[in-house]
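Numbering (our numbering), first residue to last: 0 to 165. Reading through the structure tokens given below for one structure.
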């Protein structure tokens, strides 16, 4: 695939970017940040804010705020251009950070369910709460394990394996 930052976004790529924003919204990611994330996923190389703004039809201030938010979450990496104020962005390994955040929330839900079984008032509801707590705990453990496995398997370009393997 050619680098779409240098070319026009085609309809399929635009639909992917828009779908990414719809999918990430319930996960707590703002629409513009999710669109930038989707755009950067499609890139071969680093991309500047001007290209992001141009291709996604967003203002530079909106792009800058969203890119910084993605950077804080580990979803994108910031690259400085030596001797310039220009900043470039590429995809990061934030998918692991995002999943670890979800694992933490699952752990909190499991703990809350376990510590509040007396609220149920009957053995059926209590058993249901304990089963749900165990489910959340198992899901948390699985997410953590998969995230650890992935983070050791993926390189700095977000690709599986070593560069020498490609």
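All C-beta atoms, glycine included, are put in the ideal place defined by N, C-alpha and C.
task: Mind checking who residue 87 pairs with in its DSSP beta bridge?
output: Beta-bridge partners of residue 87 (DSSP): 47, 78.
message: Rounding to the nearest angstrom, what Cα-Cα distance links residue 51 and residue 97 in this structure?
response: In a straight line, the C-alpha of residue 51 is about 22 Å away from that of residue 97.
field: residue 29 - DSSP class collapsed to helix/strand/coil
entry: DSSP places residue 29 outside both helix and strand once states are collapsed to three, so it counts as coil.
query: How should residue 139 be labelled, buried or exposed, when 16 other C-beta atoms within 10 angstroms of its C-beta is the threshold for buried?
result: By the 10 Å Cβ count, residue 139 comes out buried.
- prompt: DSSP state of residue 121, grouped into three classes?
  reply: For residue 121, the three-state secondary structure derived from DSSP is coil.
query: Can you give the Cα-Cα distance for residue 73 and residue 91, rounded to whole angstroms?
result: C-alpha separation (whole angstroms): 6 Å.
field: Proximal residues to residue 68 (C-beta, below 8 Å), its chain only, five neighbours per side dropped
entry: Excluding residues within five positions, the ones whose Cβ falls inside 8 Å are 29, 32.
task: Quick one: which unbroken alpha helix (DSSP H) runs of 4-plus residues sit fully inside the segment 47 to 71? Chain order, please.
output: If we require 4 residues or more, the alpha helix (DSSP H) runs fully inside the segment 47 to 71 come out as 48 to 55, 59 to 71.
message: Rounding to the nearest angstrom, what Cα-Cα distance links residue 64 and residue 144 in this structure?
response: In this model, residue 64 and residue 144 are separated by some 32 Å (Cα to Cα).
- request: Taking the CB atoms as reference points, tell me whether residue 40 and residue 101 lie closer together than 9 Å.
  value: Not in contact: residue 40 and residue 101 (Cβ atoms no closer than 9 Å).
- prompt: For residue 88 versus residue 8, is the C-beta distance shorter than 9 Å?
  reply: Not closer than 9 Å, so no.
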